[in-house]
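Asker: Chains as they are written, first to last, in the UniProt record's numbering: chain A, 1 to 479; chain B, 1 to 479. Backbone N, C-alpha and C fix where the C-beta goes; we use that ideal spot for every residue, glycine too. None of these values were measured; they are calculated from a predicted model. Sending over a structure as structure tokens; questions will come in a sec.
There are 2 protein chains.
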Amino acid sequence: MLRLLLLLPLLGAAGTLPTPFRRRRSASPPPGPYATRYLSQQIDHFGFDENHTFQQRYLIADQYWKKGNGPILFYTGNEGDIEWFCNNTGFMWDVAEELNAMLVFAEHRYYGESLPFGNESFSDSKHLNYLTSEQALADFAVLVEYLKATIAGAQRSPVIAIGGSYGGMLAAWFRMKYPHVVVGALAASAPIWQFGDLVPCGTFFSIVTNDFKKSGVGCSESIRNSWNAIYRLSSTDAGLQWLSSTFHLCSPLKTLQDAAVLKNWLSETWVNLAMVNYPYKADFLQPLPAWPIQEVCKFLKDPSLSDKLLLQNVFQAVNLYYNYTGEASCLDVSQTATKSLGEIGWFYQACTEMVMPLCTDGVHDMFEPQKWDFDAFSEECYRMWGVRPRLSWILSMYGGKNISSHSNIIFSNGDLDPWSAGGVTQNITNSLVAVVIPDGAHHLDLRSRNPLDPKSVQQARAMEISLMKEWIKKARHSH
Amino acid sequence: MLRLLLLLPLLGAAGTLPTPFRRRRSASPPPGPYATRYLSQQIDHFGFDENHTFQQRYLIADQYWKKGNGPILFYTGNEGDIEWFCNNTGFMWDVAEELNAMLVFAEHRYYGESLPFGNESFSDSKHLNYLTSEQALADFAVLVEYLKATIAGAQRSPVIAIGGSYGGMLAAWFRMKYPHVVVGALAASAPIWQFGDLVPCGTFFSIVTNDFKKSGVGCSESIRNSWNAIYRLSSTDAGLQWLSSTFHLCSPLKTLQDAAVLKNWLSETWVNLAMVNYPYKADFLQPLPAWPIQEVCKFLKDPSLSDKLLLQNVFQAVNLYYNYTGEASCLDVSQTATKSLGEIGWFYQACTEMVMPLCTDGVHDMFEPQKWDFDAFSEECYRMWGVRPRLSWILSMYGGKNISSHSNIIFSNGDLDPWSAGGVTQNITNSLVAVVIPDGAHHLDLRSRNPLDPKSVQQARAMEISLMKEWIKKARHSH
Chain A
1 MLRLLLLLPL LGAAGTLPTP FRRRRSASPP PGPYATRYLS QQIDHFGFDE
51 NHTFQQRYLI ADQYWKKGNG PILFYTGNEG DIEWFCNNTG FMWDVAEELN
101 AMLVFAEHRY YGESLPFGNE SFSDSKHLNY LTSEQALADF AVLVEYLKAT
151 IAGAQRSPVI AIGGSYGGML AAWFRMKYPH VVVGALAASA PIWQFGDLVP
201 CGTFFSIVTN DFKKSGVGCS ESIRNSWNAI YRLSSTDAGL QWLSSTFHLC
251 SPLKTLQDAA VLKNWLSETW VNLAMVNYPY KADFLQPLPA WPIQEVCKFL
301 KDPSLSDKLL LQNVFQAVNL YYNYTGEASC LDVSQTATKS LGEIGWFYQA
351 CTEMVMPLCT DGVHDMFEPQ KWDFDAFSEE CYRMWGVRPR LSWILSMYGG
401 KNISSHSNII FSNGDLDPWS AGGVTQNITN SLVAVVIPDG AHHLDLRSRN
451 PLDPKSVQQA RAMEISLMKE WIKKARHSH
Chain B
1 MLRLLLLLPL LGAAGTLPTP FRRRRSASPP PGPYATRYLS QQIDHFGFDE
51 NHTFQQRYLI ADQYWKKGNG PILFYTGNEG DIEWFCNNTG FMWDVAEELN
101 AMLVFAEHRY YGESLPFGNE SFSDSKHLNY LTSEQALADF AVLVEYLKAT
151 IAGAQRSPVI AIGGSYGGML AAWFRMKYPH VVVGALAASA PIWQFGDLVP
201 CGTFFSIVTN DFKKSGVGCS ESIRNSWNAI YRLSSTDAGL QWLSSTFHLC
251 SPLKTLQDAA VLKNWLSETW VNLAMVNYPY KADFLQPLPA WPIQEVCKFL
301 KDPSLSDKLL LQNVFQAVNL YYNYTGEASC LDVSQTATKS LGEIGWFYQA
351 CTEMVMPLCT DGVHDMFEPQ KWDFDAFSEE CYRMWGVRPR LSWILSMYGG
401 KNISSHSNII FSNGDLDPWS AGGVTQNITN SLVAVVIPDG AHHLDLRSRN
451 PLDPKSVQQA RAMEISLMKE WIKKARHSH
């Protein structure tokens, strides 16, 4: 999604940066009772001049926990409100009883309520300076140690890190960097290799494309053809007007650049659909039917239609994504990126540590060709935040592909999920295990059990549980 | 040595903080030709607001290196000028040819020439903010990756970290935190457990005491009795004058507090002697004869002497340490801590991350009783630097005693070395190996081979070399 940035250098911050992990809603009901707690954390773990603290929020559920040595499943919160993650990580609730586990959901600093400088947290690069994965991991380590020291009977509880997406990376890195704190990690849909030149930059979008190709005849071709159709129409005022009204846009398109915004927004929509292409009705990024790409593709069967007919179909497709409940009176092409602090935080992270090269060629994917251009990306980050991304730092810090000396990490990936492009999909060692879910989209395995779950995700979860049990057993043994 | 701080809260910075790792001289000749190089490093690896760089110095010797896959022995520089360490780590030069190894000596930031803000580096807590072990390790990681990327034939060279004392801790932590960068580490005399309550705070000084007890009849008793003798004499002006002239002090003692400075200085001297109690004539902290404590103890046979006779003997003893060459015209009780930037840096580190509790009771040791008092220590640090030490951070970061999931680290310790109190002296796993050197003082094994080396250090080095060869072999195998 980084390409969007380069197309629209003049747009404001919000609409121009990659938002792959973004979530918009917080609708699901809580899976069980939990308590909300706060821990004082150093704003800067790695320096002593800034000695203030902030309140990190975490959620805790101990109704299934067996005092003494029942394990702690520790959710390594990612870029959003922790309640939302708590309510969307049914897997942990599903296994709590079986494992006699305590559940802890730790909020990532700079998201949700865990704002180091309150409302000032995003005001400038000085205040944003402590938003890094290293600081977040240090928060997690300090929190785990605090829990073990203060909860009666928790001192010997083995702790397992669990996370999805960016949170999955954090889970894996947590085990790598703090193996004395967590005995193992389940890293679901964690693209820890989507950095530097570890994987080809184009695979991500070719997976998205493949999802559409497989979901209906003519589907990906229709989308591929839509870009030029938009381009042709947007060259006249009448065409722009037609696009605005056909797509029911809340704000009409006025320039060629606005049309580029439309294209970005469509691209993001296709990517999001690929991430949430779940086998049952769900409400993750949006309320959607089962196998939503198949539903969308029902509108996109004929790529050879005229521009206007083709784009009317494209509207039907995106309308299914944005308006499945029928409540939206218009569609907002800027909506995807301005609603929550969480997004601002992620944009900053993408402009500093979390630089994930992505590209398209229009041949192996259905998108407009866009090369990966680090220099332009860096310029844009500097303009927006006054900071420069450091391309290789994350590799120096977390080891890139050279991680075989670590242990007890499960990397799960769904073949439908574009982020599997940067994931670990083959075993590295006996204890760095890849779990592949052919029918899975973005961390499907972390979701609640569902009668419509494909076998592959059932098997994946069984494997994950069995490995976790092994870690727990070994940890007890070593006491 | 922390006790000194608490005794003398009104002294200036330099004289009041622990200086166990301090080195004063840079006399030894270079063991072989090497080149001096510099690498641009981020001042702040863990934040993006401070985006300036500084020049890290490193020394490199490749005359023994076998291009292609000869290993790199990487000295993780500690708190001082890297040339001094290069010239005092003969072990690396001794094994370079046998291992076909390249030698690299990396200077620790804020020491020697590697000053992030030049002359301003120590001006306040803002400029000192980037002086942490984590930043230093990140420098090392970036440097190794840079060398492997830019030196033809080095890409597959396995890298082994080697360090002594604080540098030994860094070597061990480097392997723990960056196992993708170094295949193993030799951590010589690294007191990685001299933190929190991992080891009793009194062992350090009881080892010093034992060294003196074993080195001559009446020796430790004489020192134990000296404190009260000084106390009694320092209660009168005539006594202070007598002390000043007897100890040939450059600046006469004027108050009771000055007498406390004298006692600190003596305590430090005994500790330093324990560290450098080498079996041959050497010039590490000072030019000294073989087994210097035995020499010193020749003056301290009778603890039952009158105050003045006893203290005249004590003067003979310290005079041997400070004036073995006979060049000193007077002894300077403040000399030990004000000469180099390196010392200032270490004081700051001791007041932030590197908080090592030490204490004495006067019973199991020959020193004046002094409890470990963190609060007073913290106050003193705040007064001096405007920062507060964080007692448990280093444990959260590096795992304390819970490090068994790591691999390929040799912890070597000499039984004569007080720092062995906080060292790893028993095997933790097959690949976290303790090497104990009964006749060894502070990282004797890192010094050049010497005809007077005891068997125990010869065996230790043989073991170290054999383990390093194993790591190298395995690393080659995995390519």
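(1) When the distance is taken between beta carbons, is B/P71 closer than 8 Å to B/I409?
(2) What are the boundary residues of the alpha helix (DSSP H) that includes A/N313?
(3) Which chain B residues sit within Cβ distance under 8 Å of A/N402?
(4) Hey, does B/H443 have any beta-carbon neighbour from chain A nearer than 8 Å?
(5) Using 10 angstroms around the beta-carbon of B/T53, count the other beta-carbons present and answer buried if the total reaches 16, otherwise exposed.
(6) With a cut-off of 8 Å, do at least 3 Cβ pairs link the segment 432-444 of chain B to the segment 457-474 of chain B?
(7) Output needed for A/L395: all residues of its chain with C-beta closer than 7 Å, excluding positions within five of it in sequence on either side, in chain order.
(8) At a CB-CB cut-off below 8 Å, which residues of chain A make contact with B/R388?
(9) Give the residues of chain B in contact with A/G399, contact being defined as C-beta atoms less than 7 Å apart.
(10) Pop quiz: B/N277 and B/A441 are said to be a contact at Cβ under 8 Å. What is the actual Cβ separation, rounded to whole angstroms?
(11) Can you check whether the C-beta of A/K126 is within less than 8 Å of a C-beta belonging to chain B?
(12) Spell out the partners DSSP gives A/Q56 in its beta bridges.
(13) Determine the chain B residues that contact A/K177 at a beta-carbon separation under 8 Å, and present them in chain order.
(14) Give me the Cα-Cα distance between A/S235 and A/K254, rounded to the nearest whole angstrom.
(15) Helix, strand or coil: how does DSSP classify B/G167 here?
(16) Taking only beta-carbon positions, decide if B/E145 is within less than 8 Å of chain A.
(17) Kindly indicate if chain A contains any beta-carbon less than 8 Å away from that of B/E79.
(18) Drop a sphere of 10 angstroms on the beta-carbon of B/N413, count the other beta-carbons inside from all chains shown, and report buried for 16 or more, exposed for fewer.
(19) If you measure between the beta carbons of A/F315 and A/T246, is that distance less than 8 Å?
(20) Using a cut-off of 8 Å between C-beta atoms, extract the partners of B/P142 located in chain A.
(21) Output the distance between the C-alpha atoms of B/S340 and A/G118, rounded to the nearest integer angstrom.
(22) Indicate the three-state DSSP secondary structure (helix, strand or coil) for A/G90 in the structure shown.
(23) Would you call the segment 120-127 of chain A and the segment 84-101 of chain A in contact, with 3 or more CB pairs under 8 Å?
(24) Distance, Cα to Cα, A/C201 vs A/S392?
(25) Unbroken beta strand (DSSP E) runs of length 3 or more, entirely within the segment 422-446 of chain B: which are they?
(26) Could you check if B/Q426 belongs to the surroundings of the ligand HEM, using beta carbon to heavy atom distance under 7 Å?
(27) So who's on the other strand from A/S412, going by DSSP bridges?
(28) So is A/R24 buried or exposed if we call it buried at 16+ other beta carbons inside 10 Å?
(29) What are the uninterrupted segments assigned as alpha helix (DSSP H) that are 4 or more residues long and contained completely in the segment 369-399 of chain B, given in chain order?
(30) Any beta-carbon of chain A closer than 8 Å to the one on B/N129?
(31) Mind pulling the chain A residues with CB within less than 7 Å of B/T132?
(32) Classify B/Q155 as buried or exposed, calling it buried when 16 or more other Cβ atoms lie within 10 Å of its own Cβ.
(33) Helix, strand or coil for A/N73, going by three-state DSSP, please let me know.
(34) Do residue 501 of chain B and A/K177 have their CB atoms nearer than 8 Å?
(35) Cα separation between B/E145 and A/V261?
(36) Does the segment 284-302 of chain A come close enough to the segment 214-233 of chain A to have 3 or more Cβ pairs within less than 8 Å?
Answerer: To lay it out plainly:
(1) Indexing the second sequence from 1 puts residue 409 of chain B at position 409. Indexing the second sequence from 1 puts residue 71 of chain B at position 71. Not in contact: B/I409 and B/P71 (Cβ atoms no closer than 8 Å).
(2) Numbered from 1 along the first sequence, position 313 holds the residue referred to as residue 313 of chain A. Where A/N313 is concerned, the enclosing alpha helix (DSSP H) stretches over 307-322.
(3) Here residue 402 of chain A refers to the residue found at position 402 of the first sequence. Within 8 Å of the CB of A/N402, the CB atoms of chain B belong to H180, in sequence order along the chain.
(4) Within the second sequence, numbered from 1, the residue matching residue 443 of chain B stands at position 443. B/H443 does not count as touching chain A.
(5) Your numbering for residue 53 of chain B matches position 53 in the second sequence. It is exposed - the Cβ of B/T53 has fewer than 16 other Cβ atoms within 10 Å.
(6) At 8 Å Cβ cutoff, the stretches touch.
(7) In the first sequence, counting from the first residue as 1, residue 395 of chain A sits at position 395. F195, G196.
(8) Here residue 388 of chain B corresponds to residue number 388 of the second sequence, with the count starting at 1. Within chain A, the residues F48, N51 have their CB atoms less than 8 Å from the CB of B/R388, given in chain order.
(9) Working through the first sequence from its first residue, we reach residue 399 of chain A at position 399. The answer, in chain order, is H180.
(10) Taking the second sequence and counting its residues from 1, one reaches residue 277 of chain B at position 277. Taking the second sequence and counting its residues from 1, one reaches residue 441 of chain B at position 441. Sure, about 4 Å apart at Cβ, within 8 Å.
(11) Within the first sequence, residue 126 of chain A is the residue found at index 126, counting from 1. Yes, because at least one Cβ of chain B sits closer than 8 Å to the Cβ of A/K126.
(12) Position 56 of the first sequence, counting from 1, holds the residue named residue 56 of chain A. BP columns for A/Q56 point to A/L39.
(13) Along the first sequence, one-based indexing puts residue 177 of chain A at 177. Residues of chain B with a Cβ closer than 8 Å to the Cβ of A/K177 are, in chain order, K177.
(14) Counting from one through the first sequence, the residue named residue 235 of chain A turns up at place 235. Counting from one through the first sequence, the residue named residue 254 of chain A turns up at place 254. Put simply, the backbone Cα of A/S235 is about 10 Å away from that of A/K254.
(15) As a working mapping, residue 167 of chain B is identified with position 167 in the second sequence. Note: B/G167 maps to helix in three-state DSSP.
(16) Looking up residue 145 of chain B in the second sequence gives position 145. Yes, because at least one Cβ of chain A sits closer than 8 Å to the Cβ of B/E145.
(17) Looking up residue 79 of chain B in the second sequence gives position 79. Not an interface residue.
(18) Residue numbering aside, residue 413 of chain B sits at position 413 when the second sequence is read from its first letter. So B/N413 ends up on the buried side.
(19) In the first sequence, the residue the question calls residue 315 of chain A occupies position 315. In the first sequence, the residue the question calls residue 246 of chain A occupies position 246. Result yes, Cβ atoms of A/F315 and A/T246 sit closer than 8 Å.
(20) As a working note, residue 142 of chain B is residue 142 in the second sequence. Pro is not the amino acid found at residue 142 of chain B; the sequence shown has Val there. Result: S396.
(21) Position 340 of the second sequence, counted from the start, is the residue given in the question as residue 340 of chain B. Position 118 of the first sequence, counted from the start, is the residue given in the question as residue 118 of chain A. With a pLDDT of only 44 at B/S340, under the threshold of 50, the placement of this residue in the model should not be trusted; the figure read from the coordinates follows. The alpha-carbon atoms of B/S340 and A/G118 are separated by roughly 42 Å.
(22) As a working note, residue 90 of chain A is residue 90 in the first sequence. If DSSP states are grouped into helix, strand and coil, A/G90 belongs with the helices.
(23) In short, these stretches do not touch, since the Cβ pair count stays below three.
(24) What you label residue 201 of chain A is simply residue 201 of the first sequence in a count that begins at 1. What you label residue 392 of chain A is simply residue 392 of the first sequence in a count that begins at 1. One alpha carbon belongs to A/C201, the other to A/S392, and they sit about 15 Å apart.
(25) Taking only runs of at least 3 residues, the beta strand (DSSP E) segments lying wholly in the segment 422-446 of chain B are 432-437.
(26) Of ligands this structure carries none, so the ligand HEM is not represented either.
(27) Numbered from 1 along the first sequence, position 412 holds the residue referred to as residue 412 of chain A. DSSP, once it has assigned bridges, lists A/A188, A/V435 as partnering A/S412.
(28) Working through the first sequence from its first residue, we reach residue 24 of chain A at position 24. Here the model assigns A/R24 a pLDDT of 44, short of 50, so the residue's position is not dependable, and the following value carries that caveat. By the C-beta density criterion, A/R24 is buried, having at least 16 other C-beta atoms within 10 angstroms.
(29) As far as the segment 369-399 of chain B is concerned, its whole alpha helix (DSSP H) runs of at least 4 residues are 374-385, 393-398.
(30) Locating residue 129 of chain B in the second sequence gives position 129, counting from the first residue. Interface flag for B/N129 against chain A is set, since a Cβ pair is found closer than 8 Å.
(31) Counting from one through the second sequence, the residue named residue 132 of chain B turns up at place 132. Ordered by position in chain A, the residues that pass the 7 Å Cβ test against B/T132 are F46, G47.
(32) The residue labelled residue 155 of chain B in the question sits at position 155 within the second sequence. By the 10 Å Cβ count, B/Q155 comes out exposed.
(33) Looking up residue 73 of chain A in the first sequence gives position 73. Looking at the sequence provided, one finds Leu at residue 73 of chain A rather than Asn. Three-state result, A/L73: strand.
(34) Absent from the structure is residue 501 of chain B, since the part of chain B shown begins at 1 and ends at 479.
(35) Counted from its first residue, the second sequence places residue 145 of chain B at position 145. Counted from its first residue, the first sequence places residue 261 of chain A at position 261. Annotation: B/E145 to A/V261 spans about 40 Å, alpha carbon to alpha carbon.
(36) Yes: the two stretches touch, three or more of their Cβ pairs being nearer than 8 Å.
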